[in-house]
Amino acid sequence: MIGERSNNPKGGQVPMTETMTHLTWIDYSIMAIYLAFVLGIGFALKRYTKSSNDFFLSGRSIPAWITGLAFISANLGAQEVIGMGAMGAKYGIATSHFYWIGAIPAMVFVGIFMMPFYYGSRARSVPEYLKLRFDEKTRGLNAISFAAMTIFSSGVSMYAMGKLFELLLGWDFNMAILVAGAIVLVYIFLGGLTSAIYNEVLQFFLIVFGFLPLVYIGLKKVGGWSGIKEKLMVAATANGLPATAYTSSWSHMGSAATNPIGVEWFGLVMGLGFVLSFGYWCTDFLVVQRAMAANSMSAARRTPLIAAIPKMLFPFLVIVPGMIAMAGTAHYVANWRPASDPAAAVATVDGQPVVAAAPVEEGLIPPKKDADGKPMVDKRGRVLLDYDLATPKMLMTLMPAGLLGLGLTALLASFMSGMAGNVTAFNTVWTYDIYQSYINKKAGDEHLLWMGRFTTVFGIVLSIGAAYVAKSYNNIMDLLQLVFAFVNAPLFATFALGMFWKRTSGHGAFFGLLSGTLAAAAHHGLTLPAGAAVGFKGGYLGLLETYPSEMSQNFWTAIWAFTVCIVVSIIISLFTKPRTDADMKGLVYSLTPKPEDDSKYWYQRPAVLAIVVLVLTAVLNLIFW
Numbered sequence: 001m002i003g004e005r006s007n008n009p010k011g012g013q014v015p016m017t018e019t020m021t022h023l024t025w026i027d028y029s030i031m032a033i034y035l036a037f038v039l040g041i042g043f044a045l046k047r048y049t050k051s052s053n054d055f056f057l058s059g060r061s062i063p064a065w066i067t068g069l070a071f072i073s074a075n076l077g078a079q080e081v082i083g084m085g086a087m088g089a090k091y092g093i094a095t096s097h098f099y100w101i102g103a104i105p106a107m108v109f110v111g112i113f114m115m116p117f118y119y120g121s122r123a124r125s126v127p128e129y130l131k132l133r134f135d136e137k138t139r140g141l142n143a144i145s146f147a148a149m150t151i152f153s154s155g156v157s158m159y160a161m162g163k164l165f166e167l168l169l170g171w172d173f174n175m176a177i178l179v180a181g182a183i184v185l186v187y188i189f190l191g192g193l194t195s196a197i198y199n200e201v202l203q204f205f206l207i208v209f210g211f212l213p214l215v216y217i218g219l220k221k222v223g224g225w226s227g228i229k230e231k232l233m234v235a236a237t238a239n240g241l242p243a244t245a246y247t248s249s250w251s252h253m254g255s256a257a258t259n260p261i262g263v264e265w266f267g268l269v270m271g272l273g274f275v276l277s278f279g280y281w282c283t284d285f286l287v288v289q290r291a292m293a294a295n296s297m298s299a300a301r302r303t304p305l306i307a308a309i310p311k312m313l314f315p316f317l318v319i320v321p322g323m324i325a326m327a328g329t330a331h332y333v334a335n336w337r338p339a340s341d342p343a344a345a346v347a348t349v350d351g352q353p354v355v356a357a358a359p360v361e362e363g364l365i366p367p368k369k370d371a372d373g374k375p376m377v378d379k380r381g382r383v384l385l386d387y388d389l390a391t392p393k394m395l396m397t398l399m400p401a402g403l404l405g406l407g408l409t410a411l412l413a414s415f416m417s418g419m420a421g422n423v424t425a426f427n428t429v430w431t432y433d434i435y436q437s438y439i440n441k442k443a444g445d446e447h448l449l450w451m452g453r454f455t456t457v458f459g460i461v462l463s464i465g466a467a468y469v470a471k472s473y474n475n476i477m478d479l480l481q482l483v484f485a486f487v488n489a490p491l492f493a494t495f496a497l498g499m500f501w502k503r504t505s506g507h508g509a510f511f512g513l514l515s516g517t518l519a520a521a522a523h524h525g526l527t528l529p530a531g532a533a534v535g536f537k538g539g540y541l542g543l544l545e546t547y548p549s550e551m552s553q554n555f556w557t558a559i560w561a562f563t564v565c566i567v568v569s570i571i572i573s574l575f576t577k578p579r580t581d582a583d584m585k586g587l588v589y590s591l592t593p594k595p596e597d598d599s600k601y602w603y604q605r606p607a608v609l610a611i612v613v614l615v616l617t618a619v620l621n622l623i624f625w
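See below:
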């Protein structure tokens with residue numbers, strides 16, 4: 001197990017060798033109780049869903065602490081729990097940048113500056129705000145692209161869940177996604193957004209209490225943080241990086257060649273910390289919808305700020321398990337050689353060659369294997385690990401009966417939370433921004449309520465279809481990250497101009513949005529990450545630049561999309577007529593009265609919460625510098 005000494009000369013540690021835990025009746029009972037509780041919430045809330053406003057926006061009646069937890073839980077899908085664990089294994093503590101600069105500042109910004117526009121305008125969705133601020137064509141473009149993105153994202157959650165439960169538990173892939181889809185369908189169909197929000201709160205606590213034991217047991221096995229640092233030095237050295245590359249978040253960001261993410265500090269701050277981060281948290285209706293369900297302007301502004309507090313601590317729940325898994329695989333990375341290598345059975349101690357006693361045993365994270373069952377390697381001859389299995393393998397290897405059921409229930413909750421969040425956002429945008437706007441403009445409230453329920457069924461069916469489409473791709477998560485660079489980056493540029501520069505016109509916004517997306521496509525087509533072949537990952541228009549990693553390429557794709565959108569929007573706006581000040585009152589910063597803070601207590605004031613959150617985030621960055 002991790003922590004046992006070995007005569008393995010190069011790695012110094014052997015992998016976890018415990019067999020995977022088998023599910024018992026206790027584990028199945030925990031999962032069954034959770035699923036029954038989820039359905040019970042849907043049935044209990046059905047009688048409170050009497051209008052389309054209740055179904056799509058919870059009647060704007062939810063308290064801030066509930067919407068705050070739902071705000072973060074809606075983001076805790078497969079991409080977060082499995083993806084961040086995988087990135088923790090691949091990139092180490094530098095993955096925390098996706099939280100401490102890639103989420104928290106944007107969450108503070110949306111709470112302080114953007115919620116007054118969203119909530120105050122009484123818009124029912126983000127695309128509807130675009131219509132109020134600009135024009136119908138801008139709303140339509142965003143509604144269609146967002147609806148497609150939510151269905152695809154929901155399908156990815158379904159695919160990831162079905163695949164993992166098939167691999168780990170032997171469950172049938174088709175049955176897993178059909179059952180999960182049916183459960184999500186029932187509780188959203190009955191209770192709408194309110195049901196989704198209260199289930200997301202339940203799922204939040206399940207994820208926390210399901211993963212805390214995993215982190216504790218894992219740290220105990222590996223020898224604490226000092227044990228992680230010691231073992232990850234082996235992996236860093238084997239990958240040609242500085243010894244502390246996996247356990248330092250900022251100290252190696254001076255050059256793309258000295259950190260595992262493969263991006264320098266400017267690309268990180270601009271690409272992730274500004275464009276992608278603000279583009280997601282400020283414009284994605286999936287999360288904004290939760291804040292818009294709050295019972296007051298103050299509660300809506302506090303929603304992302306309350307969510308930011310647990311969000312800043314989530315790296316310890318979702319990234320650290322991946323790092324622990326990598327610590328249990330470092331010996332394999334350091335000692336593995338292809339069978340064709342003459343030195344396959346040779347290692348060195350103090351510069352002297354010695355013959356290894358046996359082939360290197362696989363670590364906790366298994367290698368990707370070809371059709372013949374042999375480990376796959378990249379163009380540099382390094383073994384390719386299946387990082388997506390880091391967190392699931394940790395659960396199955398370390399958690400005892402009972403706790404394993406809790407951990408798998410937390411995993412199931414994260415998948416269902418991601419599905420439900422995307423489906424509720426989809427049914428709102430479809431019903432209000434597509435159906436009512438273009439198909440049936442005279443639809444009454446009761447008709448819209450039933451259209452929302454029908455759209456929920458339609459959305460689940462499309463999500464299941466998207467899951468099967470996702471099954472045909474080997475790198476679907478990379479595609480999803482790239483989609484965010486294409487869609488969210490130019491959209492944030494449009495929002496930023498529209499909210500803070502009243503001269504921005506509808507034509508400028510529309511063509512800027514289109515140009516930004518085209519710029520993203522052009523940049524992606526003219527660049528490649530190192531070691532990748534021309535095609536899906538870029539280079540299909542030529543090759544002007546090779547980036548150290550896919551992450552670096554995505555960051556710069558987002559930067560180009562944002563920049564082009566800004567420039568084109570400004571130029572066209574200067575030559576076209578904007579809306580009058582009267583039309584933009586409440587939609588533009590300079591024409592909107594500052595929201596009054598009626599909170600009785602200092603800790604309920606958005607500005608105070610924002611300062612506390614930013615200070616704590618700065619402290620965390622310094623601790624892991």
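Numbering-wise (this note's numbering), the sequence shown opens with residue 1 and increments by one. C-beta atoms are modelled at their ideal positions from N, C-alpha and C, and glycine is treated no differently.
Within 8 Å, strictly: CB atoms of residue i and residue j
i	j	result
I72	F204	yes
L272	F555	yes
G92	M323	yes
V287	I207	no
R139	P606	no
A466	G155	yes
L313	Y187	no
I112	A610	yes
G498	R133	yes
A390	P321	yes
I319	G102	no
K374	D386	no
A147	M326	no
F510	K137	yes
L276	F484	yes
Cβ neighbours of residue i in the same chain (closer than 6 Å, five flanking residues each side left out)
i	result
L69	V201 and F204
G363	P15, G328, T329 and Y332
F624	I93 and S249
L164	P392
beta-carbon residue i near the ligand MG non-hydrogen atom, thresh 7 Å
i	result
V179	With respect to the ligand MG, the structure shown offers nothing to examine, as it has no ligands at all.
Residues of its chain near residue i, where Cβ-Cβ distance is below 8 Å and the 5 sequence neighbours each way are ignored
i	result
M31	G405, L408, T409 and L412
F189	G42, R453, T456 and V457
L526	G538, G539, L541, G542, L543, L544 and E545
T431	S52, F56, L448, M451, G452 and T455
T303	A64, T67, G68, F71, G111, M115, R290, A291 and A294
I464	G155, M158, I177, L178 and G181
Minimum Cβ-Cβ distance from residue i to chain C less than 8 Å
i	result
G68	Here chain C cannot be found, since the structure has a single protein chain.
Cβ shell of residue i (< 7 Å), same chain only, five flanking positions each side left out
i	result
G59	N53
G351	Residue placement at G351 cannot be trusted, given a pLDDT of 43 that sits under 50; what the coordinates show is reported in the next sentence. Same-chain partners within the cutoff: there are none.
F316	V215
A358	Legend: pLDDT at A358 = 46, less than 50; position of this residue unreliable, value from coordinates given subsequently. Excluding residues within five positions, none has a Cβ falling inside 7 Å.
M551	I261, G262 and V263
S96	S249, P315, I319 and F624
A182	none
A123	Y129 and L132
According to DSSP, residues forming a beta bridge with residue i
i	result
G140	BP columns for G140 are empty, so no partner.
P116	BP columns for P116 are empty, so no partner.
K369	P375
E362	According to DSSP, which records beta bridges pairwise, E362 is partnered with nothing at all.
P529	Y547
A294	I62
Y540	G542
G42	G42 is not bridged to any residue.
V383	V377
CB-CB length for residue i against residue j, believed under 8 Å
i	j	result
I151	F415	Not quite, the Cβ-Cβ distance comes to about 16 Å (not below 8 Å), so this is no contact.
L214	L395	6 Å
A245	H252	5 Å
I572	G508	4 Å
D433	E128	6 Å
T424	A196	5 Å
Check: Between the segment 115 to 130 and the segment 278 to 291, do three or more beta carbon pairs fall short of 8 Å?
Finding: Flag = yes, the segment 115 to 130 and the segment 278 to 291 touch.
Margin query: Taking 8 Å as the cut-off, does the segment 514 to 532 touch the segment 223 to 234 (at least 3 CB pairs, one atom from each stretch)?
Written below: No, the segment 223 to 234 is not in contact with the segment 514 to 532.
Margin query: Measuring CB atoms only, is the segment 392 to 404 touching the segment 254 to 272, in the sense that at least three cross pairs come out at less than 8 Å?
Written below: The segment 392 to 404 and the segment 254 to 272 do not touch, with fewer than 3 CB-CB distances between them shorter than 8 Å.
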